[in-house]
Amino acid sequence: MSSKKPMPPAKLPVYARRSPAGSPKNPQNVLDTEPNGTRDWKRLLHCVLAIHNPEHSKLLKTVSQKTMLDRERFYFKFWDDLRFNTTFKDADPRVLTNRQVQAVANLWAERKLSVATVHNYLSFLRTYAAWIGRPGMVRDVATYFGADSHYVHRERTAKVDRSWIARCVEVEAKIREVTAYDPWVGMQLELCYRFGLRAKEARHFRPHVAVIPRDLANPRDAQHFPDCKQFLRVRYGTKGGRPRDIPVKTPEQQELIERALQSVAPGHYVGAPGRTAVQNANRFYNVLRRFEITKAALGVTAHGLRHQHANDRYEELAGEPSPVRGGAGAGDADGAARMAVSSELGHGRVAITDAYLGKSLAQPRAKSPTAGDEAVAPPAA
8 MSSKKPMPPA KLPVYARRSP AGSPKNPQNV LDTEPNGTRD WKRLLHCVLA
58 IHNPEHSKLL KTVSQKTMLD RERFYFKFWD DLRFNTTFKD ADPRVLTNRQ
108 VQAVANLWAE RKLSVATVHN YLSFLRTYAA WIGRPGMVRD VATYFGADSH
158 YVHRERTAKV DRSWIARCVE VEAKIREVTA YDPWVGMQLE LCYRFGLRAK
208 EARHFRPHVA VIPRDLANPR DAQHFPDCKQ FLRVRYGTKG GRPRDIPVKT
258 PEQQELIERA LQSVAPGHYV GAPGRTAVQN ANRFYNVLRR FEITKAALGV
308 TAHGLRHQHA NDRYEELAGE PSPVRGGAGA GDADGAARMA VSSELGHGRV
358 AITDAYLGKS LAQPRAKSPT AGDEAVAPPA A
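In structure tokens form, the structure reads like this:
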């Protein structure tokens, strides 16, 4: 007989049991039974979010944790403003009217919120109105601010170069300073600089599953770089979960990849081992503040490295500086360069490159192509 003791059965994962439909704790039951005029508005809002917050506003899919957190923060602030800073003292989260939206919009105007912020807030409210059975209730910006308001027109074209070099910040020297203090944050910044990654993409970057040959790259991305044999697949931390393949073209890029492969354990991301994604994000921005990489101090941010990469890549492909750096931004070279930059940055629409490169002076197209569209020659005169 074997003297070995039998292994205990493996424990099955325990999941929180969903409250039955008739339970007092069930969110929908709370919304249906709570009397009008209740003072416990936060409980009602929590119930609305528990039911709907994971939902995408238009598609049949869930949204990211960041989107859910941004929504939650906004909705609680909105209803707090509505109840305590307007005449709607008894506002109920189960009901939303245009008069209420107008009242809070007046507060936004008084606080001089940015144009982008106001547009985002109204988008959140449109989503919320659909959740409570009033789709289409929240109208356009002009309805609440007037047709002549500066809030109506959202400017997406770069007027100034947001690159670090435009602020006389020596990129490589500053990254070396950061690396000496925290090698992980230094590597994250270098990924933003060399490959144009967003800060979140750099923090979630997993080098051991990222390097791929050309035959495995997405043809939509590879078509813009016919001479490139190696690509970097960016999958984690991207907006909307959309992966993209970035060309590896320079010795500096290759050297950075090799360092990342040596520093990061297989299956792990660029960041201190043992830290959560939130802890790595907090560490990232704390270190940036320590080295004055902020708008208030040096006038630059981590996202400025993405701007620098975009403008440098455009100049390499078009043979002249981007419009925001004083270039002409016209001709066939401009269009091809913009499509390549758009693909590399992970934007589906070429028009988004205006926010990095400035306005193209080429003839406007009837329909803005996507980065995956093949270039079409104009008809002969």
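Position one of the sequence shown corresponds to residue 8 (my numbering), numbered consecutively onward. All C-beta atoms in this analysis are idealised placements derived from N, C-alpha and C, irrespective of residue type, glycine included.
Scanning F85, T94, T93 and A112 for the CA closest to the CA of P100 turns up F85.
Beta-bridge annotation (DSSP): L239 is paired with V218 and I253. By the CB criterion at 8 Å, L196 and L268 fall outside the cutoff. Secondary structure note for L52: its alpha helix (DSSP H) is the uninterrupted segment W48 to H59.
P34 sits buried, since 16 or more C-beta atoms from the chains shown fall within 10 Å of its C-beta. Per DSSP, G311 is one residue of the alpha helix (DSSP H) stretching across H310 to A325. Taking C-alpha positions only, H160 is separated from V122 by approximately 8 Å. Below 8 Å, too few C-beta pairs join the region 64–79 and the region 149–169 to call them touching: fewer than three. Rounded to whole angstroms, the separation of the alpha carbons of T45 and H126 is 30 Å.
For V122, the enclosing alpha helix (DSSP H) covers residues V122 to W138.
If you draw a 10 Å sphere on the C-beta of F91, you find fewer than 16 other C-beta atoms in it, and that means exposed. By the criterion of a C-beta distance shorter than 7 Å, E322 is surrounded in its chain by P328 and S329, once the five residues flanking it on both sides are discounted. Under the 8 Å Cβ criterion, the region 337–348 counts as touching the region 314–321, having at least three qualifying pairs. The alpha-carbon separation between K236 and E265 amounts to approximately 16 Å.
By the neighbour-count definition (other C-beta atoms within 10 Å, threshold 16), Y188 is an exposed residue. About 15 Å separates the beta carbons of R282 and G244, which is beyond the 8 Å limit, so they are not a contact pair.
Straight-line measurement puts the Cα of A284 at about 10 Å from the Cα of R290.
As a beta-bridge residue in DSSP terms, E62 pairs with T69. Every alpha helix (DSSP H) of 4 residues or more that sits fully in the region 151–211 is shown, in chain order, as 178–188, 190–202 and 206–210. Annotated three-state conformation of R266 is helix, per DSSP. Within 10 angstroms of the beta-carbon of P254 lie 16 or more other beta-carbons, which makes it buried.
Contact between V145 and L129 holds: CB atoms are separated by about 6 Å, below the 8 Å threshold. Considering only G278, V70, G365 and N105, the residue with the shortest C-alpha distance to T150 is N105. Beta-bridge pairing by DSSP links R141 to no other residue.
Restricting attention to L51, A136, M75 and V178, the CA atom closest to the CA of N60 is found in M75. In this structure, V216 sits away from W138, with a CB-CB distance that is not shorter than 8 Å.
When secondary structure is reduced to three states using DSSP, R106 falls in the helix class. Look at R296 here: in three-state DSSP terms it is helix. The beta carbon of A224 lies closer than 8 Å to those of F238, R240 and D252 in the same chain, with the five residues before and after it left out.
Here the C-alpha atom of V178 lies approximately 17 Å from the C-alpha atom of P258. In chain order, S64 and R78 place their CB closer than 8 Å to the CB of T134, counting only its own chain and leaving out the 5 sequence neighbours on each side. Where V37 is concerned, the enclosing alpha helix (DSSP H) starts and stops at P34 to T40. Excluding five sequence positions before and after C199, the CB atoms of its chain that fall closer than 7 Å to its own CB belong to A206, A209, A309, L312 and R313, given in chain order.
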